[in-house]
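Chemist:
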Amino acid sequence: MIAAALSTVTLAVLLVGLGLALVQARRWRAGRAAAVDLWAGLAALPGRYLVDVHAVVGRKPFNARFHALSAGGFLAALALLVLLALPPLRHPILWGLLAVALATMLAGGLMVGYRRRVLRPPELSGGRFSRLPLALTGFAAAFLLVAADQSAGGVLPVPVGLALVALGGWGLAELVFGVWKGPLKHAVHGALHLVAHPRPARFHDGAGRDSGLRPLELAAGDADSAPLGAGRVLDFAWNRLLGFDACVQCGRCESACPAFAAGLPLNPKALIQDLVASLDEGDDGRAYAGHRHPGHPAGAGASGPSLPLVGPRAAIHPDTLWSCTTCRACVQECPMMIEHVDAVIDLRRYQTLELGATPVKAAAVLEELRATDNPGGRDLARRLDWAVDLRLPVLADGGACDVLLWLGDGAYDLRNQRSLRALVLLLRRAGVDFAVLGADELDCGDVARRLGDEATFQDLARRNVALLNGRTFQRIVTADPHAFHCLRNEYPAFGGRWTVLHHTALLLELVRSGALPVTAPLARAVAYHDPCYLGRYNGETEAPRALLDAIGAERREMARSGLRSRCCGGGGGAPLTDVVGERRIPDQRMDDARASGAPTLAVACPTCTLMLEGVVEPRPAVAEIAELVLAATEPTP
Amino acid sequence: MVDVAILLSVGRHPVSGRARRAPTDARALEMALGLPAVRRTALHAGDPASPALRDYLGMGLDRLTVLAMAHGCDPVEPLAAHLRSLSPGIVLTGNRAEGGEDSGMLPYRVAHTLGVAIVPDVVAITVEAGGGAAEVVQALARGQRRALRVALPFVATIHPAAPSARPSAFGPARRGRIDSVPVEAPPDAFLAACAARPWRDRPKRLTVGAPGSGGALDRLRAATEAKAGQGRLLVGPSPDEAALAIYECLQEQGVLPR
Ligand code: SF4
Ligand code: SF4
Chain S
1 MIAAALSTVT LAVLLVGLGL ALVQARRWRA GRAAAVDLWA GLAALPGRYL VDVHAVVGRK
61 PFNARFHALS AGGFLAALAL LVLLALPPLR HPILWGLLAV ALATMLAGGL MVGYRRRVLR
121 PPELSGGRFS RLPLALTGFA AAFLLVAADQ SAGGVLPVPV GLALVALGGW GLAELVFGVW
181 KGPLKHAVHG ALHLVAHPRP ARFHDGAGRD SGLRPLELAA GDADSAPLGA GRVLDFAWNR
241 LLGFDACVQC GRCESACPAF AAGLPLNPKA LIQDLVASLD EGDDGRAYAG HRHPGHPAGA
301 GASGPSLPLV GPRAAIHPDT LWSCTTCRAC VQECPMMIEH VDAVIDLRRY QTLELGATPV
361 KAAAVLEELR ATDNPGGRDL ARRLDWAVDL RLPVLADGGA CDVLLWLGDG AYDLRNQRSL
421 RALVLLLRRA GVDFAVLGAD ELDCGDVARR LGDEATFQDL ARRNVALLNG RTFQRIVTAD
481 PHAFHCLRNE YPAFGGRWTV LHHTALLLEL VRSGALPVTA PLARAVAYHD PCYLGRYNGE
541 TEAPRALLDA IGAERREMAR SGLRSRCCGG GGGAPLTDVV GERRIPDQRM DDARASGAPT
601 LAVACPTCTL MLEGVVEPRP AVAEIAELVL AATEPTP
Chain U
638 MVDVAILLSV GRHPVSGRAR RAPTDARALE MALGLPAVRR TALHAGDPAS PALRDYLGMG
698 LDRLTVLAMA HGCDPVEPLA AHLRSLSPGI VLTGNRAEGG EDSGMLPYRV AHTLGVAIVP
758 DVVAITVEAG GGAAEVVQAL ARGQRRALRV ALPFVATIHP AAPSARPSAF GPARRGRIDS
818 VPVEAPPDAF LAACAARPWR DRPKRLTVGA PGSGGALDRL RAATEAKAGQ GRLLVGPSPD
878 EAALAIYECL QEQGVLPR
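For the record, the sequence lines run as chains S and U.
Counted the way the working numbering counts, the first sequence spans residues 1 to 637.
Counted the way the working numbering counts, the second sequence spans residues 638 to 895.
Printed below as a string of structure tokens:
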């Protein structure tokens with residue numbers, strides 16, 4: 001009797017849940033088509049979940065534990081409950097197993113309750129999520145009693161048993177119907193997102209990292225072709241929409257976002273939720289119970305599947321969109337493997353390519369870039385002006401050298417010319433056979449691409465690839481991580497495949513091989529700031545550290561470092577879009593450096609150099625790594 | 638409601654020499670897009686295949702009419718003839734093109750041929766309710782402004798201080814249509830007789846500090862320091878005046894492009 005009631009309730013709830021999930025699926029199936037290998041994704045699902053997702057979740061060990069307990073117990077309990085629906089299988093042993101699974105889940109549920117009720121991390125969303133611990137513990141405890149009773153032969157009076165089934169059924173319904181809009185949505189959508197992920201190469205079964213933006217198809221140009229980028233939510237590919245829908249509002253992205261921390265009007269979690277709310281007609285986003293974009297109240301704009309996404313009166317305010325530095329800290333932290341930066345770029349592409357709604361200063365830079373092939377509107381023939389006395393060898397078309405030095409836009413900037421000069425002197429000191437492109441080098445197009453101007457980026461990429469392919473060299477070395485990322489990860493799509501090194505890797509090689517003997521070890525404390533485009537975009541966190549160690553620096557780690565480094569605020573064209581916040585991102589990064597106590601902050605990117613050196617004194621001195629290496633390898637007379 | 642025609646030329650970037658939308662013509666188009674127009678006709682005289690014309694379409698123009706003519710021809714007659722057939726209320730164009738003779742004479746000659754008034758260096762236009770006249774704000778030297786009331790039809794040239802042009806977007810730029818109308822144009826004998834060579838700034842003579850003290854720092858100071866008594870004194874200027882004076886000063890110093 002009680003067993004039958006239990007089975008009926010369980011199966012009914014699961015069936016309704018399945019129906020709800022299917023209705024949900026129709027929302028994101030309305031997005032654009034995407035090439036997805038579903039079978040490969042399905043086969044890879046368990047591995048991606050157990051390795052990649054848990055690597056992220058496990059950064060907070062407490063969360064990993066309660067997650068394993070409650071989710072593991074819940075899944076096991078569901079499987080056993082379905083088995084127990086068959087009367088011949090209702091054996092005390094199976095009931096006992098069910099009791100163990102539910103006890104596990106109960107332990108997890110209690111931990112969830114402790115986190116949500118006692119610890120209360122500020123980045124967590126409330127609303128429907130607040131009922132999660134109740135549902136978890138209610139379901140687990142009530143069904144646990146029933147299971148224990150059944151395995152003991154059924155001693156409870158029937159009304160008590162039925163009451164427990166009802167209570168557990170409510171908990172289960174709360175959990176399963178959660179696939180609709182509540183906390184448990186992530187179970188179904190998260191799994192499907194892992195299957196149909198738009199960047200399968202980012203998982204351990206692929207390359208392990210996949211950070212290059214996808215080229216936008218620009219060839220078709222008739223009036224009826226689909227718009228460029230995403231103007232409405234349905235302009236996103238369906239698996240992107242699925243990804244947004246998988247967000248559990250855990251707020252890890254929010255805690256990592258440098259823009260949010262500085263009080264700029266951007267919260268990546270709220271951004272994803274804005275996109276989710278836009279999927280439903282008439283959802284004004286008021287059900288969202290987490291932090292908003294700083295300074296922007298909830299429900300300020302109209303949203304819906306066919307309405308424009310970005311605008312002062314739309315779901316996403318332009319200031320929110322243009323605050324993002326594309327630092328990927330959110331992507332790095334997201335346990336649901338959501339690709340926030342791709343979403344931001346898709347939105348920006350529409351704004352720039354279809355509407356011309358790029359912020360004024362950024363638009364002016366793009367116009368100069370189109371007319372002169374560099375964002376400052378300078379004469380390309382003057383890229384080497386700073387180095388007249390160095391007489392840099394210029395690699396002409398058809399020429400050959402060992403190392404091709406890509407100078408980048410830093411060559412036009414007084415401060416960064418100093419670091420480039422240090423690098424050139426080091427290459428000379430080590431006897432490296434190198435050359436530069438001189439007036440032929442065009443901007444790599446990084447800033448255009450991050451601002452959504454894919455047309456200008458592709459034009460620059462194609463011409464750079466052509467001119468590089470016309471020359472012979474072993475590898476390209478650059479001091480600019482943005483150029484490094486473009487050349488290494490984004491130019492292959494345009495036919496450019498070379499070995500590209502960041503200068504820190506080459507300098508490390510030269511110091512290690514003895515070509516650059518360390519004569520004057522630094523012997524002072526140095527904190528190292530990881531550039532986003534070197535660390536998170538390329539996984540290169542070791543070479544700069546090893547290099548600092550090799551020149552005798554007493555290295556200190558800042559509060560956020562390595563793959564979890566805090567952005568300097570200079571990426572993604574953010575200095576051009578110039579959205580104001582409560583503080584400046586570089587000031588906050590400098591606070592991290594101050595707290596480390598090191599008198600010197602080592603940087604490895606021209607943009608970081610400018611952003612961090614722009615922080616008012618007193619502050620640690622900012623030095624490009626090449627400058628430190630130059631001082632430490634001064635030949636002794 | 639007015640009928641507006643905009644004359645758009647192909648500009649030249651001062652550094653790279655690459656063809657682009659001409660800055661003041663783009664401002665003229667921006668102004669036209671802001672006017673309550675019943676019809677906007679954008680006209681270019683020259684090569685319909687010039688890619689720079691797409692920059693104007695990218696600002697939100699559906700179509701651009703090109704009076705197709707060979708390079709080195711005088712566009713005044715064909716433009717005037719075409720405008721006569723349209724008889725627009727307002728003709729807008731930049732106050733000076735980039736390339737060609739750069740004399741800024743074309744709007745005057747077009748207005749003269751059409752027999753209508755010309756208002757140079759305009760920064761704002763408000764069309765009166767009846768549509769028979771417009772309030773026009775003209776930029777004068779040193780940031781002064783003059784308000785005029787002008788009866789339609791007229792030709793207005795747009796000053797660089799007019800509101801800046803919206804960015805050109807790639808999508809609309811490639812979707813926009815270019816209608817090519819072949820025209821007969823007389824060769825421009827004057828232009829043919831001109832010799833063009835790259836413009837070079839005259840090297841500025843640095844005033845070197847007092848003899849004997851000639852360190853690098855002194856030379857830098859001498860070259861950058863403002864001498865007392867130089868410049869212009871504004872007493873109690875309005876914020877706008879002050880900002881404009883600073884802007885012009887920066888332009889004079891070569892810090893900002895002109
Ligand atoms: S986007 Fe990812 S990290 Fe951010 S709240 Fe959602 S699930 Fe958490
Ligand atoms: S990329 Fe960086 S700035 Fe942009 S939303 Fe993510 S964390 Fe914030």
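Heads up, the beta-carbon is just placed ideally off N, CA and C, and yes, glycines get one too.
Short of 8 Å Cβ to Cβ, which residues in the stretch 336–356 of chain S face chain U?
Modeler: The stretch 336–356 of chain S vs chain U, Cβ under 8 Å: Thr352, Leu353, Glu354, Leu355, Gly356.
Chemist: Please classify Glu634 of chain S as buried or exposed, where buried requires at least 16 other C-beta atoms within 10 Å of its C-beta.
Modeler: exposed
Chemist: Ligand 1 and Glu333 of chain S: does the residue's C-beta get closer than 7 Å to at least one heavy atom of that ligand?
Modeler: yes
Chemist: For a test of your reading of the model: does the CB of Val248 of chain S fall under 7 Å from any non-hydrogen atom of ligand 1? Yes or no.
Modeler: yes
Chemist: Return no unless some Cβ of chain U is closer than 8 Å to the Cβ of Asp379 of chain S.
Modeler: yes
Chemist: Specify whether the stretch 290–307 of chain S and the stretch 359–378 of chain S touch according to this definition: at least 3 beta carbon pairs, one from each stretch, less than 8 Å apart.
Modeler: no
Chemist: Excluding the five sequence neighbours on either side, which residues of its own chain have a C-beta within less than 6 Å of the C-beta of Ala4 of chain S, listed in chain order?
Modeler: none
Chemist: Mind listing the chain U neighbours of Pro639 of chain S? Cutoff is C-beta to C-beta under 9 Å, in chain order.
Modeler: The requested residue 639 of chain S does not occur in the structure, where chain S is confined to residues 1 to 637.
Chemist: Applying the 10 Å Cβ sphere with the 16-neighbour rule, what's the burial state of Trp836 of chain U?
Modeler: exposed
Chemist: Gly648 of chain U: buried (16+ other C-beta within 10 angstroms of its C-beta) or exposed?
Modeler: buried
Chemist: Taking three-plus beta-carbon pairs below 8 Å as touching, is the stretch 141–158 of chain S in contact with the stretch 270–277 of chain S?
Modeler: no
Chemist: Kindly indicate the opening and closing residues of the beta strand (DSSP E) around Tyr528 of chain S.
Modeler: 525–528
Chemist: Given that a residue counts as buried once 16 or more other Cβ atoms are within 10 Å of its Cβ, and exposed if not, what is Leu785 of chain U?
Modeler: By the neighbour-count rule (16 or more Cβ atoms within 10 Å), Leu785 of chain U is not buried but exposed.
Chemist: Are the beta-carbon atoms belonging to Pro599 of chain S and Ala525 of chain S less than 8 Å from one another?
Modeler: yes
Chemist: List the residues of chain U whose Cβ lies closer than 8 Å to the Cβ of Glu367 of chain S, in chain order.
Modeler: Arg657, Pro804, Ser805
Chemist: Could you check whether the stretch 305–323 of chain S touches the stretch 570–582 of chain S, counting it as contact only if at least three pairs of C-beta atoms, one from each stretch, sit closer than 8 Å?
Modeler: yes
Chemist: According to DSSP, is Asp758 of chain U part of a helix, a strand, or is it coil?
Modeler: strand
Chemist: Counting only Cβ pairs nearer than 7 Å, list the residues of chain S close to Met668 of chain U.
Modeler: In chain order: nothing, as chain S lies at least about 16 Å away.
Chemist: In chain U, which residues lie with their C-beta within 7 Å of the C-beta of Ala363 of chain S?
Modeler: Pro804
Chemist: Consult DSSP for Trp406 of chain S and reduce its assignment to one of helix, strand or coil.
Modeler: strand
Chemist: Cys327 of chain S: buried (16+ other C-beta within 10 angstroms of its C-beta) or exposed?
Modeler: buried
Chemist: Decide yes or no for the touch test of the stretch 664–672 of chain U against the stretch 722–731 of chain U: beta carbon pairs closer than 8 Å, at least 3 of them.
Modeler: yes
Chemist: Closer than 9 Å by beta-carbon distance: list the chain S residues that pair up with Gly695 of chain U, in chain order.
Modeler: Gly356
Chemist: Note down the Cα distance separating Gly846 of chain U from Val774 of chain U, rounded to an integer number of angstroms.
Modeler: Low local confidence applies: a pLDDT of 47 at Gly846 of chain U is under 50, so the model's placement there is unreliable, with the coordinate-based value given in what follows. For Gly846 of chain U and Val774 of chain U, the distance between alpha carbons rounds to 46 Å.
Chemist: For Glu613 of chain S, tell me which candidate among S:Gly470, S:Asn416, S:Leu275 has the shortest Cα-Cα distance.
Modeler: S:Asn416
Chemist: Considering only C-alpha positions, which residue in the set S:Leu395, S:Thr8, S:Cys567, S:Ala527 is nearest to Cys330 of chain S?
Modeler: S:Cys567
Chemist: In three-state terms, what does DSSP make of Leu18 of chain S?
Modeler: helix
Chemist: 8 Å is my cut-off, CB to CB: does Thr577 of chain S come that close to chain U?
Modeler: no
Chemist: Taking any Cβ of chain S, which residues in the stretch 708–742 of chain U have a Cβ under 8 Å from it, in chain order?
Modeler: none
Chemist: Cβ of Met336 of chain S within 7 Å of any heavy atom in ligand 1?
Modeler: yes
Chemist: Under a three-way DSSP split, which group does Gly846 of chain U fall into?
Modeler: Here Gly846 of chain U scores only 47 on pLDDT, less than 50, and its place in the model should not be relied on; the value that follows carries that caveat. Reduced to three states, the DSSP call for Gly846 of chain U is coil.
Chemist: Looking only at its chain, what residues have a beta carbon closer than 6 Å to the beta carbon of Gly96 of chain S, apart from the 5 residues adjacent to it on each side?
Modeler: Only Ser151 meet the Cβ criterion.
Chemist: Nearest to Ile585 of chain S by alpha carbon, out of S:Ala422, S:Val615, S:Glu557, S:Val603?
Modeler: The closest CA to that of Ile585 of chain S, considering only S:Ala422, S:Val615, S:Glu557, S:Val603, is found on S:Val615.
Chemist: Expressed to the nearest angstrom, what Euclidean distance is found between the alpha-carbon atoms of Leu516 of chain S and Glu624 of chain S?
Modeler: 17 Å
Chemist: Using the three-state DSSP reduction, which class does Gln890 of chain U fall into: helix, strand or coil?
Modeler: DSSP places Gln890 of chain U in coil when its eight states are reduced to three.
Chemist: Which residues bound the beta strand (DSSP E) around His681 of chain U?
Modeler: Taken as a continuous stretch (DSSP letters only), the beta strand (DSSP E) holding His681 of chain U covers 674–683.
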